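To start, the structure under review is shown below, and the notes come after it.
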Amino acid sequence: MQILIEPDNKMVHIERSGNVINLLKKLELRPNQAIVIRENELLTPDRMLDEEDKIVVRKIASRG
Amino acid sequence: MKCTRCRATAAVALPSHNAGFCPDCFQVFFSRQVQKAIKEKDLFQPEDKILIALSGGKDSLSLARELKLLGYDTAGLYIDLAIPDSSVKAGEHVGRFCRELGINLHVLDLQKEGLPIPEVQKKLRRPVCSVCGQIKRYYFNRFALDNGYSVLATGHNLDDEVARLFSNVMRWDTAYLGDQGPALPAQEGFVRKVKPLYRLSEFETANYSFLAGIDYCYAPCPYSRGASFTFYKSLLDELEHQQPGRKINFYEGFLNRARRAFARQEDLEGLKPEPCPVCGYPTTGEVCGVCRLREIMGAKG
Chain A
38 MQILIEPDNK
48 MVHIERSGNV
58 INLLKKLELR
68 PNQAIVIREN
78 ELLTPDRMLD
88 EEDKIVVRKI
98 ASRG
Chain B
32 MKCTRCRATA
42 AVALPSHNAG
52 FCPDCFQVFF
62 SRQVQKAIKE
72 KDLFQPEDKI
82 LIALSGGKDS
92 LSLARELKLL
102 GYDTAGLYID
112 LAIPDSSVKA
122 GEHVGRFCRE
132 LGINLHVLDL
142 QKEGLPIPEV
152 QKKLRRPVCS
162 VCGQIKRYYF
172 NRFALDNGYS
182 VLATGHNLDD
192 EVARLFSNVM
202 RWDTAYLGDQ
212 GPALPAQEGF
222 VRKVKPLYRL
232 SEFETANYSF
242 LAGIDYCYAP
252 CPYSRGASFT
262 FYKSLLDELE
272 HQQPGRKINF
282 YEGFLNRARR
292 AFARQEDLEG
302 LKPEPCPVCG
312 YPTTGEVCGV
322 CRLREIMGAK
332 G
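These protein sequence lines map, in sequence, to chains A and B.
What the first sequence shows, in this note's numbering, is residues 38 to 101, in sequence order.
What the second sequence shows, in this note's numbering, is residues 32 to 332, in sequence order.
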């Protein structure tokens, strides 16, 4: 699955993450540290992901 | 997960409220949290003229949108810090946002004030974050007073407030603990300052910005790397993850049960600010921090 990490604008490939919470775990993020977007829709941690999905993970901590 | 209000598919899960919301209901939730803060903490009245400190980030733009939708008399002030790339980008985001929402925007350029942040940083040779914050607070306050605004509103959210409280507690800084809160009353030389987003987390403002289609600037400040608040926020995120609701309970508990004691102690023992002999801004030093800095920088006027 292709994941775009923002604001770093870094593409990563992650396999078999299952649901959003597992994807965030693999990215070493807590659910309160990022919003997860698929086709302009926000996903809650329980939502299942497909290998074909294009996902944006937007980290939310502001720095300065 | 289903929306707690309407049972549609939830878009935002909020363990701290034991709830989930669909996009429409989340925006209702967000607006109610802002209204609750304004009402319960008596932040301002419908007749107030409110200046909003705009940085171009999600919090200040979310605040400006919500106060505009609630019908308050608002205008924005963007302070251009003159940081290459980042200030130009942030200024463009603020400009577009204000044009789209019909918000009157003022811009103050620190280059023209003789205090561009990159030059200040070079001169000081130490982390510039606290000085930058001091300069911004000074000019936001002065602009509000000089231009007839009765309230200055900032986009500080729950995470900002809890990280600051944590930092103040770690240092037992009684002066800061005595006046930390979502409303600071107007005093001689100070406009009333309010934080209407204090009940909302950074995660909640990020969701709101996305759902409201706010085109905010999320490029980090190049000077903020390693800032202690960023570290405190990650510690507190872990606490919130393990114990949802801890942040708001910690902060509300402080406001309701602890702040008054620190404020009383400061009234008895703290230094009383006097007007700066150069600019009139209240200060406990001989001249205020910004005038001292202007002298170091050789700035005119």
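Don't be surprised by glycine CBs; every beta carbon is placed ideally from N, CA and C.
Since the model is a prediction, treat every value here as computed from it, not as a measurement.
Selected residue, minimal CA-CA separation from residue i, among the options
| i | options | result |
| --- | --- | --- |
| K96 (chain A) | A:M85, A:Q70, A:L60, A:T81 | A:Q70 |
| L189 (chain B) | B:A50, B:F260, B:V318 | B:F260 |
| L74 (chain B) | B:A39, B:M201, B:R230 | B:R230 |
| E269 (chain B) | A:N59, A:I42, A:L66, A:G55 | A:L66 |
| R325 (chain B) | B:K143, B:R63, B:F171 | B:K143 |
| E131 (chain B) | B:D246, B:D298, B:H272 | B:D246 |
| K72 (chain B) | B:E283, B:A294, B:M328 | B:E283 |
| Y239 (chain B) | B:K154, B:Q58, B:D177 | B:Q58 |
| V65 (chain B) | B:D79, B:L101, B:L45, B:A44 | B:L101 |
| C37 (chain B) | B:Y170, B:K120, B:D55 | B:D55 |
| G133 (chain B) | B:L92, B:P46, B:C322, B:F293 | B:L92 |
| I114 (chain B) | B:S62, B:L82, B:E123, B:E150 | B:E150 |
| R63 (chain B) | B:L98, B:G87, B:N49, B:I83 | B:L98 |
| K120 (chain B) | B:L146, B:T205, B:G164, B:A250 | B:A250 |
| A106 (chain B) | B:S117, B:H124, B:N135 | B:N135 |
| Y207 (chain B) | B:E78, B:E297, B:M328 | B:E297 |
| N77 (chain A) | A:D87, A:I42, A:V93 | A:V93 |
Neighbourhood of residue i by C-beta distance below 7 Å, restricted to the same chain and skipping five residues each side
| i | result |
| --- | --- |
| R168 (chain B) | none |
| T315 (chain B) | L302, P304 |
| A98 (chain A) | Q70 |
| A41 (chain B) | M32, K33, C34, G51, F52, C53 |
| V225 (chain B) | L74, F75, V182, A184, P213, A214 |
| P216 (chain B) | R223 |
| I69 (chain B) | F75, P227 |
| N172 (chain B) | L183, F221, V222 |
| V318 (chain B) | C307, P308, V309 |
| L286 (chain B) | G212 |
| Q152 (chain B) | V159, Y254 |
| L176 (chain B) | V222 |
| C248 (chain B) | G87, G88, K120, A121, H124 |
| F60 (chain B) | F52 |
Same chain only: Cβ atoms within 8 Å of residue i, ignoring 5 sequence neighbours per side
| i | result |
| --- | --- |
| H50 (chain A) | M38, Q39, I40 |
| D83 (chain A) | N56, V57, I58 |
| Y263 (chain B) | A194, F197, S198 |
| A237 (chain B) | K89 |
| A243 (chain B) | Q58, S93, R96 |
| L139 (chain B) | L108, Y109, I110, D111, Y170, F174 |
| P313 (chain B) | Q218, E219, G220, F221, P304, E305, P306, C307, C319 |
| K47 (chain A) | L41 |
Nonlocal neighbours in the same chain, by C-beta distance under 6 Å from residue i, ignoring five residues either side
| i | result |
| --- | --- |
| G55 (chain A) | none |
| L80 (chain A) | V57, V73 |
| E233 (chain B) | N188, D190 |
| D90 (chain A) | M38, R75 |
| Y128 (chain B) | The sequence given here has Phe at residue 128 (chain B), not Tyr. Around F128 (chain B): L92. |
Bridge-paired residues (DSSP) for residue i
| i | result |
| --- | --- |
| L45 (chain B) | B:A50 |
| E43 (chain A) | A:R95 |
| L85 (chain B) | B:Y109 |
| T40 (chain B) | B:K33 |
| R195 (chain B) | DSSP lists no partner for R195 (chain B). |
| R223 (chain B) | B:V182 |
| L215 (chain B) | B:K224 |
| E305 (chain B) | B:T314 |
| D104 (chain B) | B:K80 |
| M48 (chain A) | A:L41 |
Contained alpha helix (DSSP H) runs [length at least 4] in the region 257-281 of chain B, N- to C-terminal order
Unbroken alpha helix (DSSP H) runs of no fewer than 4 residues, entirely contained in the region 257-281 of chain B, are found at 259-273, following chain order.
What residues from the region 245-259 of chain B come within 9 Å of chain A, judged by C-beta to C-beta, listed N to C?
Result list: Y249, A250, P251, C252, P253, Y254, S255, R256, A258.
Using a Cβ-Cβ cut-off of less than 8 Å, give me the residues of the region 259-276 of chain B that come near chain A, in sequence order.
Here the close residues are T261, K264, S265, D268, E269, E271, H272.
Could you give the uninterrupted runs of the beta strand (DSSP E) lying entirely in the region 113-179 of chain B, keeping only those of 3 residues or more?
Correct list: 135-140.
Looking at chain B, which residues of the region 61-75 of chain A have a Cβ within less than 9 Å of any of its Cβ atoms?
Close to chain B, meaning a Cβ-Cβ distance shorter than 9 Å, are the following residues of the region 61-75 of chain A: R67, P68, N69, Q70, A71, I72, I74.
Please list the residues of the region 131-159 of chain B that have a C-beta atom closer than 8 Å to any C-beta atom in chain A, keeping them in chain order.
From the region 131-159 of chain B, no residue has a Cβ closer than 8 Å to chain A.
Please give me, in chain order, every unbroken run of the beta strand (DSSP E) with length at least 3 that falls completely inside the region 64-88 of chain A.
The DSSP assignment places complete beta strand (DSSP E) segments of no fewer than 3 residues inside the region 64-88 of chain A at 71-75, in order along the chain.
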